[in-house]
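Heads up: the sequence shown runs through residues 3 to 214, numbered per the numbering used here. We treat Cβ as the ideally placed atom computed from N, Cα and C, and that holds for glycine. The structure displayed is predicted, hence computed values, not measured ones.
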Amino acid sequence: MQEKQFKIFFIIGIIMISFITFIITSNTFHLALVWNTFLAIIPLFMLFLEKHIRNSFLKIIIIIVWILFLPNSFYTLTDLIHIQSLDLYKVINYYEVINLHHINAWIELLNIFLVSTLGFWIGCINVTLFVRRFHNRFLKIMSVFTLSFLCSIGIYMGRFLRFNSWDIINPFNIMKTFIDNINLFTIQFVVIMTMFIFISCLLYYRKNALIK
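Here it is, written out as structure tokens:
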């Protein structure tokens with residue numbers, strides 16, 4: 003099986019697991035994870051579309067749309083916070099913890115982990131495909147860093163300010179809300195997330211022999 007076909011089947015498999023998890027647990031959150039997975043895939047489609055279009059103006063528009071949707075891929079990593087709501091264990095006291103035998107909770111845990119990992123992996127693939135067009139090593143690295151920074155801001159606005167990619171139709175409201183909410187935590191979150199995405203992408207690139 004070719005690598006591209008494997009990736010497609012892998013993505014479809016994770017989506018099916020989310021649907022099955024929803025059926026087993028009746029937790030609608032897992033339908034939201036299906037939606038998040040779909041949003042994470044959109045940038046891949048945009049790059050595929052851009053590759054087969056000759057018009058330079060349309061290429062620029064598609065790349066802009068790609069940048070707007072790219073944070074959705076890495077955003078799935080933050081869905082890991084929902085693990086804390088699962089009924090996995092009970093704290094008796096400082097020294098004693100009881101692990102509960104709730105299989106549904108473990109099924110949900112695995113699904114959240116799979117979707118989060120899948121989205122982040124798709125994000126790395128997106129950035130990889132984008133920087134392949136550059137031949138200068140420094141330009142590649144700076145592109146990865148810039149995209150990591152922009153994605154971190156997008157993740158912050160999505161998780162904490164509850165904006166979506168299509169809210170860009172009102173950019174002034176987005177900028178005003180973001181600026182009004184900048185604080186120490188905002189800076190810390192963006193810096194930490196930028197470095198995490200940046201390093202992860204560099205490692206992924208290294209594995210794929212893209213930055214030499």
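{"Query": "Reduced DSSP secondary structure (H/G/I, E/B, other) of N95", "Result": "strand"}
{"Query": "N106 (DSSP reduced to helix, strand or coil)", "Result": "helix"}
{"Query": "Span of the alpha helix (DSSP H), counted from its first residue to its last, around H32", "Result": "31-53"}
{"Query": "Beta-carbon contacts of I94 that lie in its chain and below 7 Å, excluding the five residues immediately before and after", "Result": "I100"}
{"Query": "C-beta atoms of M159 and F174 nearer than 8 Å", "Result": "no"}
{"Query": "For E110 and W30, the rounded distance between their alpha carbons", "Result": "Contrary to the premise, residue 30 reads as Thr rather than Trp in this sequence. Rounded to the nearest angstrom, the two C-alpha atoms are 11 Å apart."}
{"Query": "Where the alpha helix (DSSP H) containing L141 begins and where it ends", "Result": "139-161"}
{"Query": "Burial state of L35, where buried means 16 or more other Cβ atoms lie within 10 Å", "Result": "buried"}
{"Query": "Span of the alpha helix (DSSP H), counted from its first residue to its last, around D2", "Result": "Lying before the first or after the last residue shown, residue 2 is absent from the chain, which here runs from 3 to 214."}
{"Query": "Touch test, the segment 156-171 against the segment 70-78, Cβ-Cβ under 8 Å, three pairs minimum", "Result": "yes"}
{"Query": "Opening and closing residue of the alpha helix (DSSP H) in which Q86 lies", "Result": "Looking at the DSSP string, Q86 is not in any alpha helix (DSSP H), and its letter there is neither H nor E."}
{"Query": "Distance, I25 Cα to K92 Cα", "Result": "26 Å"}
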